[in-house]
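Here is the structure we will look at.
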Amino acid sequence: MDYNQTQNPIWGNRFSSTPDEVMIKINGSIDFDQKMYSQDIAGSRAHVKMLHAVGILSLEDSITINDGLNTILLEIESGAFSFSGTLEDIHMNIETRLAELIGPTAGRLHTARSRNDQVALDFRLWVRDHIDYTSKQLKQLIRILLEKAENHVDTIMPGFTHLQPGQPITFGHHCMAYVEMFSRDLSRMKDARERMNECPLGSAALAGTSFPIDRSMTAKNLGFREATRNSLDSVADRDFALEFLSAATICCTHLSRLGEEIVIWSTPQFSFIRLSDKFSTGSSIMPQKRNPDAAELVRGKVGRVTGSLIGLITVMKGLPLTYSKDMQEDKEGLFDAAQTLDLCLTAMSAMIDDMEVNVQAMYTSAGISYSTATDLADWLVRDSGMSFRDAHHVTGQVVALAETKSCELAELSLRELKSICSFINSDVFSVLSVESSVSSRKSFGGTAPENVRQQIAYWKSQLK
Ligand code: ARG
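With the working numbering as the guide, the letters of the sequence shown map in order to residues 4 to 467.
Laid out in structure tokens, this is it:
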């Protein structure tokens, strides 16, 4: 980065001394906002096209400017462009280079716009592009989860509350819970995109412009639904960034929960899954270790994404209309959050794809700790007309008896069961297995394999 303390070529004329070294340092954003170079150039192109269409810019000038912008795009993409720290940001770096390339005509590009609407546009375009990218990644993760679910609609595992065994479920059903969560994330991204899809360019510094511009044309050319309706709001609004960060934070929270489950499932105590060597790390001292570092990092990285959300909310709170330089703080956190979300989604998709499911361990674990006690209580209600509360008490006594005898519910004799409740007959044994428990949960949204198959089919059709 070139940090020569020269006068700024764009406004330097008004100033008698060059900026202080620390001023350049605190004021500059080029180190991070150069990421938006293609959005900046796309915005300028659309602006030039419109300026020509409404008669503000001659055909010749518009061609000259466009050619210059094309050259700059190539220079940046090939790494030949030299960014200057003195020129503060991507907008002035590009405009200054344009002047070097095409001379004074470059000065016509900034007619009827300001850096305030320019940055509002560039950042919006960047976030919009990234939402499209994130949506593709989310769909990929959902596809991988659907495939796992499909392979394991009949794989019985314990369902937990308080991380204590509750009722048997299937691993397919568990995967589908995450399909629901990531589908909501996808729809949050879609909502945010729809709301942000308005073009701020042409709002100029804050009040609009006296030039007869056609903002709808610019909006259309950049793929926006329409132009924003209030010039003040256009340059002061960063809701689109906050909405992306909110959606990203919620998505990372989901990823973090799944990361935690992978950590738990892969412990030797659970042994529900095994990650291959590709997704395990060893220990420098304990030779036997296989650590699920990627899952732990996905669990942990939600912290920095949440941090970016809180950071930007805090920056925006209390800012008077319209633009204030504080708002330049919108980018680094969001770029970091976007990169983090990208990494976490990629890593999670890869881990889910990689994991080997230990069907036997899940099955064995599903039956322990009287996980079908609810099925016994439900049976009493159905079979003897008892109220659920009474059935709950009776079942509690049955569990206590099994506990003192250190046996499973199904291992108690009919005589022992009858000693607690005379209504009980031998039919009860048919509901005590984990298989019958799972297949009986046929209420809409329940874990029965036939339900889960329907849910898989539903989400597959939604993804198309
Ligand atoms: N680099 C600035 C930012 O990111 C661009 C807008 C500057 N506008 C201004 N009035 N100084 O916010």
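C-beta: ideal position from N, C-alpha, C; glycine also. In this text, all values refer to a predicted model and were calculated from it rather than measured experimentally.
Beta-ladder partner(s) of residue i, from DSSP
i, result
"C202", "A230"
"R456", "Paired residues: none, contrary to the question."
"R187", "Answer by DSSP bridge pairing: none, since R187 is not bridged."
"F470", "In the structure as shown, the chain starts at 4 and stops at 467, and residue 470 therefore has no counterpart that could be examined."
"D5", "S87"
"E359", "R277"
"N294", "T284"
"T173", "I159"
Supposed close pair residue i, residue j - CB separation, criterion 8 Å
i, j, result
"D120", "G15", "Not really, about 23 Å apart at Cβ, beyond 8 Å."
"I93", "Y40", "6 Å"
"T325", "L248", "Actually they are not in contact, since the Cβ atoms of T325 and L248 sit about 21 Å apart, beyond 8 Å."
"F174", "V360", "6 Å"
"T450", "V437", "Not really, about 11 Å apart at Cβ, beyond 8 Å."
"D5", "S85", "6 Å"
"T398", "A369", "In fact, because the Cβ distance is near 18 Å, the residues do not count as touching under 8 Å."
"D280", "I147", "In fact, because the Cβ distance is near 20 Å, the residues do not count as touching under 8 Å."
"K292", "G285", "6 Å"
"P295", "V57", "Not confirmed; about 59 Å, so no contact."
"I313", "L245", "At roughly 10 Å, the Cβ-Cβ gap does not stay under 8 Å, so I313 and L245 are not in contact."
Pairwise C-alpha distance: residue j and residue i
i, j, result
"L300", "C347", "8 Å"
"A376", "S416", "16 Å"
"N200", "R187", "20 Å"
"I145", "F185", "7 Å"
"Q272", "H133", "40 Å"
"P323", "S372", "60 Å"
"G110", "N224", "22 Å"
"E80", "F35", "16 Å"
"L112", "Q143", "41 Å"
"K463", "Q342", "28 Å"
"E264", "A250", "21 Å"
"D87", "G310", "Going by the sequence as given, residue 87 is Ser instead of Asp. Answer to the nearest angstrom: the Cα atoms are 30 Å apart."
"F275", "P171", "14 Å"
"V182", "V362", "21 Å"
"G448", "R228", "37 Å"
"G388", "R418", "21 Å"
"D378", "S283", "39 Å"
"D339", "F126", "14 Å"
"N11", "F18", "9 Å"
"S213", "L337", "34 Å"
"H177", "C255", "18 Å"
"D386", "E411", "22 Å"
"R232", "A222", "12 Å"
"R290", "T270", "Position check: residue 290 holds Pro in this sequence, whereas Arg was assumed. For P290 and T270, the distance between alpha carbons rounds to 16 Å."
"N154", "G211", "58 Å"
"R392", "S287", "55 Å"
"L54", "S61", "8 Å"
"I253", "G306", "11 Å"
"L383", "L166", "27 Å"
"E24", "G226", "40 Å"
8 Å Cβ cutoff met for residue i and residue j
i, j, result
"V308", "L344", "yes"
"I427", "L420", "yes"
"M95", "V455", "no"
"I44", "M365", "no"
"R191", "C202", "no"
"T89", "I27", "yes"
"L141", "L76", "no"
"R196", "R131", "yes"
"T114", "I66", "no"
"E91", "S32", "yes"
"L258", "M354", "no"
"V51", "N69", "yes"
"E333", "R444", "As written in the sequence, residue 333 is Asp, which differs from the Glu given in the question. No. Outside cutoff."
"G46", "L101", "no"
"W129", "K38", "yes"
"S374", "P161", "yes"
"G82", "L104", "no"
"A239", "V266", "no"
"A405", "F432", "no"
"I423", "A152", "no"
"V122", "P452", "no"
"D64", "T108", "yes"
Cβ-heavy atom distance, residue i to the ligand NAP, below 7 Å
i, result
"E91", "Ligands present in the displayed structure are limited to the ligand ARG, and the ligand NAP is not among them."
Chain B contact for residue i (CB, 8 Å cutoff)
i, result
"N119", "The question asks about chain B, but that chain is absent: this structure has only one protein chain."
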